[in-house]
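Undergrad:
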Amino acid sequence: MPAAIFSIVLENALIFPLFLIGTTSHWFLDYFYHMHDMPVKGFGKDKKVGLSMWKNGTIAFFVELIFYIVTVILFLPKNFMIPAIILGLIFHLANSNSFFWIYKEKLVWRI
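In the working numbering, the protein residues as written are 216 to 326.
1. Suppose you measure from the CA of residue 269 to the CA of residue 243; what does that come to, to the nearest Å?
2. Measuring alpha carbon to alpha carbon, tell me which residue in 262, 264, 314, 260 is nearest residue 278.
3. By the DSSP assignment, the alpha helix (DSSP H) with residue 245 in it spans what residues?
4. Using a Cβ-Cβ cut-off of 8 Å (strictly less than) and excluding sequence neighbours within five positions of residue 250, which residues of its own chain qualify?
5. Among 224, 259, 309, which residue has its Cα nearest to the Cα of residue 276?
6. Tell me the DSSP secondary structure of residue 217 in three-state form.
7. Give me the DSSP bridge partner(s) of residue 296.
8. I need the DSSP call for residue 255, collapsed to helix, strand or coil.
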């Protein structure tokens, strides 16, 4: 329970529910993308789930992009929406190899 510990140490009760919501929603989103290889409990001979959206990179790319844009519209103030959508689109395009497998070998970013 790292979130509970951080909530106590930082004396901010909001950390725990935000962490819980974030990790739970991430797990449910992963359910759509994973290739029926995601463990439910995370250990042992566990049931594996996943709807395999990664098999169709185009659908996965646009579903994830639309989800991001809808989230920005719902949760950010109006003056931050356009810059956040542009920045998210740039990062999403930079990650397009994950969806479309443009390059077969693993890319390594060097700075």
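C-beta: ideal position from N, C-alpha, C; glycine also.
TA: Quick answer:
1. Within the sequence shown, numbered from 1, the residue matching residue 269 stands at position 54. Within the sequence shown, numbered from 1, the residue matching residue 243 stands at position 28. Between residue 269 and residue 243, the C-alpha separation is close to 15 Å.
2. Position 63 of the sequence shown, counted from the first residue, corresponds to residue 278. When C-alpha distances from residue 278 are compared across 262, 264, 314, 260, the shortest belongs to 314.
3. Here residue 245 refers to the residue found at position 30 when the sequence shown is read from its first residue. First-last of the alpha helix (DSSP H) with residue 245: 230 to 248.
4. Here the question's residue 250 lines up with position 35 in the sequence shown. Here the set comprises 265, 267, 269, 270.
5. As a working mapping, residue 276 is identified with position 61 in the sequence shown. Comparing Cα positions, the closest option is 309.
6. Taking the sequence shown and counting its residues from 1, one reaches residue 217 at position 2. Helix, per DSSP.
7. Along the sequence shown, read from residue 1 onward, the residue named residue 296 stands at position 81. BP columns for residue 296 are empty, so no partner.
8. Position 40 of the sequence shown holds residue 255. Coil, per DSSP.
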